[in-house]
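Chains as they are written, first to last, in the numbering used here: chain A, 1 to 192; chain B, 1 to 192. Here is the structure we will look at, set down as C-alpha cells.
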DNA sequence: GTCATATTAGATAGATCGATCTAGCCTTGG
DNA sequence: CCAAGGCTAGATCGATCTATCTAATATGAC
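Here it is, written out as C-alpha cells:
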C-alpha cells in the first residue's frame, strides 16, 4: 500500500481546523498543507468538506483520547496529579506553537453548533469520549459513578474554557490558575 | 438624527458572529439581517470586515458586562448565588434560542486567536472586563485581591467551557453540573 | 505482459467572498 | 430656496470558495 495521502489530508485538516476554524480553512489550503493533490481530496472524501470535517474531528478526537488515557493511566500518580499534568500539557503546547495549538475540537464545535448537525454530532461524541476516560479514572479513585461523571464534565469544561481565555489573552495564566483551583476541588471531592 | 443603521449593523454582526463565527458570516448576510443597505456598511465601517468585527465584539462585550454587573449587584444575594444565576441565564438562553445563543465572544476568540491580532485583542479585553467585574465582587466578599482575581478567572473559564460542551451536546447538563461544582468551590473559598 | 483499479493531475464551473466605485437621494444649516 | 454633506443604492471587480469533470498515470493481480 504505502499511500498515506488520506492520512496526510486528515492531519492537515485537523491542524488547520484547530488553528483557524472550519469556515476559515479552505480546501485548497488543506491540500497544500498536506502535500496532497487536489484530485485526491474528493477521491478519498467524496462527501466534500463536511465529510472531511467529520473525519478530521473524529481523527484528532481519538488521538487526544489516547493522550488522555496515557496521562490518566500513570500508576504512580493520583488522579489529581494527572489532571494537573493534563493542564500542563496544554500550557506547553500553547507556548510552543505560538497560541495555535489549543483544543482540536472546541473551535469547530462552537462554529457549527447550530449550522451543521453532522459536524456538531462528531464534536459531541469526542467530548463524551474524553469525559468517559476521566470519569472512569475518578470512579476508580473511589467516587460514585454519577458523581464521577459530573466531576469529569466539570473538569473538562474548566479545561476547555481556560484554553479559550489563554488563547485570547496570549497568556497561560488562565490555564495555570484554573488548574490549581480544579485540583483543589477534586482533592476535596475525593477526600469528602 | 434618528438613524440607527450603524447600530443595527453592529447588532446583526454580533448575533451572527456569535452563532456561526467570524469567517462563517458574510458581509452580505450581515446587511440582510440588519436590514441595512450594502452601501452603508463601508460608510460606517471603512475598515471593512475586521473593523466591524472589532466593534461588534466590543459592543456585545460591553452589553454582557452590564449584564454581569446587574447580576452581581443584587444586594439580597451572596456572590455564590449570583454565579448560579449567571449560569442559569445561559441555560435559559441556550434552550430558548435552540443552542445558538452562547457566549458572544468565545467563537470568534478561538477562530482568530492566531490569525487576526486586532480581533484577538478585542476579545481579550472583553474577557478581562468580565473578569474584573466578578473579581471586584469576590474581593468585596472578603477575599484578598489576588485570590479574587484567580477565582474570577477560574469561574469564567468554567463558564465558557461549559457553554462549549452544552452547545456541542445540545444539552444543558454541562452548564448545570459545572454551576453546581463551581458554586461549591467558591463557597469553600469564601469560608476558608 | 495485461488488464482493472486506485490514485493523481489540474482545468473549469458557478457561486460567493470582501472591497471599491459612481450616482443619486435626503436631510440639514444657512 | 439652495448648497453641502451624510447616507443609500447597487453595479462591479478580482479573488477565492466548493465541487465536478475528464485524462493521465501509477499500482497490483493474474
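Ideal Cβ placement from N, Cα and C applies to all residues, glycine included. All of these numbers come straight from a predicted model, not from anything done at the bench.
Who are the Cβ neighbours of residue i in its own chain at under 8 Å, not counting the five residues just before and after it?
i                      : result
residue 89 of chain B  : 67, 71
residue 145 of chain A : 135, 139
residue 65 of chain A  : 126, 129, 130, 133
residue 17 of chain A  : 25, 53, 56, 57, 104, 107, 108
residue 33 of chain A  : 12, 15, 16
residue 193 of chain B : Nothing in the structure corresponds to residue 193 of chain B, since chain B is present only between 1 and 192.
Might you give, ordered along the chain, the residues of its own chain that have their beta carbon closer than 6 Å to the beta carbon of residue i, omitting 5 neighbours on each side?
i                      : result
residue 38 of chain B  : 31
residue 162 of chain A : 174, 175, 178
residue 52 of chain A  : 13, 45
residue 1 of chain A   : Because residue 1 of chain A sits at a pLDDT of 42, beneath the cut-off of 50, its placement in the model cannot be relied upon, and the point is left open.
residue 100 of chain B : 19
residue 86 of chain B  : 71
residue 36 of chain B  : 5, 8, 9
residue 180 of chain B : none
residue 113 of chain A : 120
residue 69 of chain B  : 133
For a cutoff of 7 Å on Cβ pairs, would you count residue i as touching chain A?
i                      : result
residue 20 of chain B  : yes
residue 53 of chain B  : no
residue 127 of chain B : yes
residue 137 of chain B : no
residue 274 of chain B : Summary: the structure shown does not reach residue 274 of chain B, with chain B confined to residues 1 through 192, and so no result is reported for it.
residue 80 of chain B  : no
residue 2 of chain B   : Residue confidence for residue 2 of chain B is low, a pLDDT of 45 falling below 50, so the modelled location carries little weight and cannot support an answer.
residue 158 of chain B : yes
residue 24 of chain B  : yes
residue 110 of chain B : yes
residue 85 of chain B  : no
residue 147 of chain B : no
residue 187 of chain B : no
residue 150 of chain B : yes
residue 106 of chain B : yes
residue 153 of chain B : yes
residue 17 of chain B  : no
Can you list, in chain order, the residues of its chain whose CB lies under 7 Å from that of residue i, leaving out five sequence neighbours each side?
i                      : result
residue 41 of chain A  : 9, 27, 31
residue 182 of chain B : 83, 155, 158
residue 3 of chain A   : none
residue 29 of chain B  : 16
residue 59 of chain B  : 10, 14
residue 49 of chain A  : 27
residue 118 of chain A : 50, 54
Would you say residue i reaches chain B, if we count a Cβ-Cβ gap shorter than 7 Å as a contact?
i                      : result
residue 114 of chain A : yes
residue 134 of chain A : no
residue 64 of chain A  : no
residue 202 of chain A : Past the boundaries of the shown model lies residue 202 of chain A; chain A is included only from 1 to 192, so the question cannot be answered.
residue 100 of chain A : yes
residue 123 of chain A : yes
residue 42 of chain A  : no
residue 91 of chain A  : no
residue 168 of chain A : yes
residue 141 of chain A : no
residue 165 of chain A : yes
residue 161 of chain A : yes
residue 14 of chain A  : no
residue 56 of chain A  : no
residue 178 of chain A : yes
Buried or exposed for residue i, please, with buried defined as at least 16 other CB atoms from any protein chain shown within 10 angstroms of its CB.
i                      : result
residue 55 of chain B  : buried
residue 92 of chain B  : exposed
residue 81 of chain B  : exposed
residue 188 of chain B : exposed
residue 137 of chain B : buried
residue 76 of chain A  : exposed
residue 160 of chain A : buried
residue 192 of chain B : exposed
residue 120 of chain A : buried
residue 19 of chain B  : buried
residue 23 of chain B  : buried
residue 7 of chain A   : exposed
residue 199 of chain B : The requested residue 199 of chain B is not part of the displayed model; chain B covers only 1 to 192.
residue 61 of chain B  : buried
residue 149 of chain A : buried
residue 21 of chain A  : buried
residue 169 of chain A : buried
Checklist entry - Whole alpha helix (DSSP H) runs in the segment 79-146 of chain B with 4 or more residues, listed along the chain? => result Counting only unbroken stretches of 4 or more residues, the alpha helix (DSSP H) elements lying wholly within the segment 79-146 of chain B are 79-97, 106-112, 117-140, in sequence order.
Checklist entry - At which residue ranges does the segment 24-66 of chain B contain complete alpha helix (DSSP H) runs of 4 or more residues, listed in the order of the chain? => result Runs found: 27-33, 38-44.
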